[in-house]
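All residue numbers for the sequence shown refer to this note's numbering, where the first residue is 8 and numbers rise by one.
All C-beta atoms in this analysis are idealised placements derived from N, C-alpha and C, irrespective of residue type, glycine included.
Bear in mind that the values here come from a model prediction, so they are computed numbers and not experimental data.
Have a look at the structure below, then the notes.
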Amino acid sequence: MADDRRCETRATRGAPVTHTHTRTDVDADAAADADTRAALDRAAVDVTTAGLPAWLDPVAQAARSVRPQQLSRFLPPESGAGRQSAVLILFGEGARGPELLLMERAGTLRSHPGQPSFPGGSLDPDDGDQATTGPLRAALREAEEETGLDPRGVQLFGVLPRLYIPVSSFVVTPVLGWWRAPSPVGVVDPAETARVFTVPVADLTDPANRATAVHPSGHSGPAFLVESALVWGFTAGVIDRIVHYAGWERPWDRDRQVPLDWRA
Numbered sequence: 008m009a010d011d012r013r014c015e016t017r018a019t020r021g022a023p024v025t026h027t028h029t030r031t032d033v034d035a036d037a038a039a040d041a042d043t044r045a046a047l048d049r050a051a052v053d054v055t056t057a058g059l060p061a062w063l064d065p066v067a068q069a070a071r072s073v074r075p076q077q078l079s080r081f082l083p084p085e086s087g088a089g090r091q092s093a094v095l096i097l098f099g100e101g102a103r104g105p106e107l108l109l110m111e112r113a114g115t116l117r118s119h120p121g122q123p124s125f126p127g128g129s130l131d132p133d134d135g136d137q138a139t140t141g142p143l144r145a146a147l148r149e150a151e152e153e154t155g156l157d158p159r160g161v162q163l164f165g166v167l168p169r170l171y172i173p174v175s176s177f178v179v180t181p182v183l184g185w186w187r188a189p190s191p192v193g194v195v196d197p198a199e200t201a202r203v204f205t206v207p208v209a210d211l212t213d214p215a216n217r218a219t220a221v222h223p224s225g226h227s228g229p230a231f232l233v234e235s236a237l238v239w240g241f242t243a244g245v246i247d248r249i250v251h252y253a254g255w256e257r258p259w260d261r262d263r264q265v266p267l268d269w270r271a
């Protein structure tokens, strides 16, 4: 659904516990210690703009001021209904400069099959409070599960307003990350992910790669033709707004249309 030279996700670890009893005791204590370490790792999640590269400043500034209605007309129901989820919008630097991490969802998935997306997914109870740090932990956890990235190399630097995906009833918190210490990424579970790839920001802002996706239902929205993929829907909408409010947008032909089929 679904970005670092110093880890900004921190935990305070306790003193190691040693035992000299039976093998069963050792195994049980090791498991308990692992559970404790995992709980501590979830205890603190920082969001900071300290040390960001200058080119990310406009994105961080936009995150502090943008309103939900400026990102999408689809906003969370006032009733509180919806499946709480989060995505990680991870910026890094590659051979061609600034880039964004994306993945392609497996074609067999029930929700948004075959669609390019940010890493992300539903909040788990262990992620914590959905109104505060829960989405931050969920975004990092899901990104690790889907792409294999090391979350210790990710600096979270902002959070966008929660948005809504009506077709799947997801209430999505977009979490912004800077890949301070890049780690290898790839498909972890083929049942969930078809591929993992990065897209240069220069390609996302190139007018030649931009179009309007039109669904047979009549819905239309921004699209990007990059890395042999058609990025559309929620993901393209968020990218479009980030590019716009960061001041990176270049004039493009909004009359250029890419038709979608009913399976999309």
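Leaving out five residues before and five after residue i in sequence, what residues of the same chain have Cβ atoms less than 6 Å from its Cβ?
i	result
P258	none
V238	P123, F231
G184	D10, L95, L97, V161, L163
T19	A caution first: T19 carries a pLDDT of 29, below 50, which makes its placement in the model too unreliable to give a value.
A201	E111, A113
F177	R90, S92
L147	P158
D247	P229
A69	Y252, A253
Would you mind working out which of the options sits nearest residue i, comparing C-alpha positions?
i	options	result
T212	S79, D268, A230, G58	A230
E106	W186, E256, D196	W186
F204	E153, A198, T219	E153
P191	V73, L63, P83, G101	G101
G225	E199, A70, D64, L267	L267
A88	E256, G193, I172	I172
V265	A220, Q137, V54	A220
T180	P83, G104, A69	P83
P197	G121, R71, D262	G121
L108	E151, A69, A215, N216	E151
V182	R263, W62, P132, Q137	Q137
R261	A145, N216, A236, L63	N216
Once you ignore the five residues that flank residue i on each side, which residues in its own chain have a CB closer than 7 Å to its CB?
i	result
A67	T56, L59, F164, G165
S79	L170, G244
V174	none
V250	L211, T212, E256
Return the bridge partner residues of residue i from the DSSP annotation.
i	result
G89	G89 is not bridged to any residue.
A6	Only positions 8 to 271 of the chain appear in this structure, which leaves residue 6 out of reach.
G128	A93
Q162	W185
R264	One point to set straight first is that residue 264 is Gln, not Arg, in the sequence displayed. The partner list for Q264 (beta bridge, DSSP) reads T219.
E106	G99, P207
A198	Beta-bridge pairing links A198 to no other residue.
I172	F177
R257	In DSSP, R257 forms no bridge with anything.
E111	P123, R202
Since I believe residue j is in contact with residue i (beta carbons under 8 Å), could you give me their beta-carbon distance rounded to a whole number of angstroms?
i	j	result
E206	V233	In the sequence as displayed, the identity of residue 206 is Val instead of Glu. The Cβ separation is near 5 Å, so the contact holds.
G240	G193	Not a contact, Cβ separation roughly 23 Å.
G141	D134	4 Å
L143	V52	4 Å
F81	T242	Not really, about 13 Å apart at Cβ, beyond 8 Å.
Residues in the same chain with beta-carbon distance under 8 Å from residue i, minus the five sequence neighbours each way, listed in chain order, please.
i	result
R6	Residue 6 falls outside the range modelled here, since the chain spans only 8 to 271, and no answer is possible.
D209	What sits at residue 209 in the sequence shown is Ala, not Asp. Answer for A209: R103, G104, P105, listed in chain order.
A38	Any reading at A38 needs caution, since the residue's pLDDT is 48, under 50, leaving its predicted position unreliable; the model's value is listed next. Around A38: no qualifying Cβ.
- Query: Enumerated in chain order, which unbroken segments of the beta strand (DSSP E) with a length of 3 residues or greater are wholly contained in the segment 50–84?
  - Reply: DSSP runs (the beta strand (DSSP E)) wholly in the segment 50–84: none.
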